[in-house]
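Undergrad: Mind having a look at this structure? Questions to follow.
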Amino acid sequence: MKPNNVLTLGYLTKYPDNAARVLESLPPPMTADLLENLSPEKYLPTFEFLIPSYAARLFETLSEDARNKLISVLSVEKLSILLIFLKDSDQKNILSQLASEKRKKVFSRMQYPSGTVGSIMKPPSFTVPQDISVAEVLKRIRTSKIFQFSEVIVLDKDLRYIGMISLGKLIQAPPHKKLNSITIRKIAALPARKSLQNLAENPAWAANLVLPVTDVRGLLIGVLDFKTLLQHKTLEIPQIKFHQAKKTSALELFFQTLAVPIEALAIKLFPFDRDNTTRNR
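Everything in the sequence shown is counted per the working numbering, starting at -7 for the first residue and increasing by one.
Next up, the structure:
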């Protein structure tokens, strides 16, 4: 075993939570190279501490052999969360490989009754831990392959939902600030089993295009955007009454929808040091 692999293995084994934060700062292909020749039992604790959106991108980068070995040691709970963040084709492929009993348990955790939030939710686009800086988040956005998202969802070390922060606010925040100091915590998550009935009247839609979805443990398992809610065919949408204090018009919501992917694209194409920019003015 090479010296760097020995150091990597020791760090992954003794400090899995810290190791997860370090790995998340690397591009997934680089992390995959570090883990490829290690047995999954050795890096499993670290993998389970990874933010789900990053874990999914890393999983997609691993070789087929490394994927299969990792799947074999992941618990039902962790595997069901990982699958939610993967493409439908990957979900079906993985489920088909599982033993019958394990497949039933995983599948049951991923399914929600028709007419509930969980039945029409989508995988979260971009999630980050609460203990990193604004500068680190912007770096991760630039190195990711994800373009269209309007809010960054913040999680604690146990992957429970804490709050959200818009791309606009993130770009304007001081680079050294920790996310937990600027995250908007008053945005309540939608329970996955909550009925869709009258959900369009939720005042949170007045200021948010996307709302997080959590399970009974508070773990983030998806997001629901307002457009998807309105397009749901079995739902009768009543007259929508947005929160009066916000006075958000339909036209304003349209331009917000248009603007946020452009913000993400700008971060990726035009990275800049705001500290230096401010000093040079």
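No residue lacks a Cβ here, since even glycine has one placed at the ideal position from N, Cα and C. Only a predicted model underlies this, so the values are computations on that prediction, with no experimental measurement involved.
(1) Whole angstroms are fine: how far does the CA of residue 76 sit from the CA of residue 82?
(2) Taking the CB atoms as reference points, tell me whether residue 117 and residue 99 lie closer together than 8 angstroms.
(3) Measuring alpha carbon to alpha carbon, tell me which residue in 188, 194, 213, 92 is nearest residue 223.
(4) Taking the alpha carbon of residue 278 as the reference point, which residue from 86, 19, 163 has its own alpha carbon closest?
(5) Quick one: Cα of residue 161 to Cα of residue 147, how far?
(6) Starting from residue 217, follow its DSSP beta bridges and name the residues at the other end.
(7) I'd like to know if the region 190 to 207 and the region 86 to 94 are in contact, where contact means that at least 3 CB-CB pairs between them fall below 8 angstroms.
(8) Please return the same chain residues whose Cβ sits closer than 8 angstroms to the Cβ of residue 175, not counting the five positions on each side in sequence.
(9) By how many angstroms is the C-alpha of residue 196 removed from the C-alpha of residue 58?
(10) What does the alpha-carbon distance come out to for the pair residue 24 and residue 15?
(11) Less than 8 angstroms between the CB atoms is what I'm expecting for residue 203 and residue 216, so what's the real figure, rounded?
(12) Let me make sure I understand the geometry here. Which of 151, 27, 205, 67 has the alpha-carbon closest to that of residue 186?
(13) Alpha carbon to alpha carbon, how far is residue 68 from residue 209? Give it in angstroms, no decimals.
(14) Pick out whichever of 11, 126, 131, 112 has its Cα sitting closest to the Cα of residue 220.
(15) Helix, strand or coil for residue 125 per DSSP?
(16) Residues in the same chain with beta-carbon distance under 6 angstroms from residue 109, minus the five sequence neighbours each way, listed in chain order, please.
(17) Taking DSSP as the reference, what is the three-state secondary structure of residue 59?
(18) Name the two residues that bound the continuous beta strand (DSSP E) containing residue 155.
(19) Starting from residue 43, trace the alpha helix (DSSP H) both ways and give me its first and last residue.
(20) Label residue 2 either buried or exposed according to how many other C-beta atoms from any shown protein chain fall within 10 Å of its C-beta, with 16 as the threshold for buried.
(21) If I measure Cβ to Cβ from residue 172 and keep anything under 6 angstroms in the same chain, skipping five residues before and after, which residues do I get?
(22) Look at the alpha carbon of residue 102 and the alpha carbon of residue 87, and state the distance between them as a whole number of angstroms.
(23) Are the beta-carbon atoms of residue 48 and residue 74 separated by less than 8 angstroms?
(24) Kindly indicate which three-state DSSP category residue 146 falls into: helix, strand or coil?
(25) What's the call for residue 107, buried or exposed, on a 16-neighbour Cβ count within 10 Å?
(26) Roughly how many angstroms separate the alpha carbons of residue 5 and residue 29, rounded to a whole number?
TA: The answer reads as follows:
(1) 10 angstroms
(2) No, the pair does not count as a contact, with Cβ atoms beyond the cut-off.
(3) 188
(4) Residue coverage of the chain in this structure runs from -7 to 273, which leaves residue 278 outside it and unanswerable.
(5) Between residue 161 and residue 147, the C-alpha separation is close to 17 angstroms.
(6) 202
(7) no
(8) 122, 146, 154, 155, 156, 157
(9) Approximately 42 angstroms, taken between the alpha carbons.
(10) 10 angstroms
(11) Contact flag correct, Cβ pair sits at about 5 angstroms.
(12) 205
(13) 15 angstroms
(14) 112
(15) strand
(16) Once the five neighbours on either side are set aside, the close Cβ partners of residue 109 are 182, 184, 186, 205, 216.
(17) Residue 59: helix per DSSP, three-state reduction.
(18) 153 to 158
(19) Segment: none, residue 43 is in no alpha helix (DSSP H) and carries neither H nor E.
(20) exposed
(21) 122
(22) One C-alpha to the other measures close to 11 angstroms.
(23) yes
(24) strand
(25) exposed
(26) 15 angstroms
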